[in-house]
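Numbering (my numbering), first residue to last: 1019 to 1106.
Listed below in structure tokens is the structure:
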């Protein structure tokens, strides 16, 4: 997905919410699991925000969001999944 496509998707949300667009970290080792990725997000959310947040997960990001909700439910207030599978 191109950058401009994702910006167009998120622009309507930015009218009413602060939007933070995140990607998985670069240079992940072979064998990195969805739980590892969700753990990275949980740490980042904890450091950046005091309260639970709403998240939107699309495609593989939706799978990461599901894992985040399962492993770190206290980090989330709400979640929206778009074009997402229960497992990759």
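Virtual Cβ for every residue (Gly too), placed ideally from N, Cα, C. Since this is a predicted model, take the numbers as computed values, not measurements.
With respect to the C-alpha of residue 1071, the residue from 1079, 1080 and 1060 having the closest C-alpha is 1060.
DSSP places residue 1046 in the coil class of the three-state scheme, outside both helix and strand.
For residue 1081, the enclosing alpha helix (DSSP H) covers residues 1078-1089.
Inclusion of residue 1090 and residue 1056 in the CB contact set at 8 Å is warranted, their separation being smaller than that value.
The stretch 1047-1071 is shown to contain whole alpha helix (DSSP H) runs of 4 or more residues at 1052-1066, in chain order. Residues 1042, 1052, 1055, 1056, 1059 and 1075 of the same chain have their beta carbon placed closer than 8 Å to that of residue 1082, with the five preceding and five following residues left out of the count.
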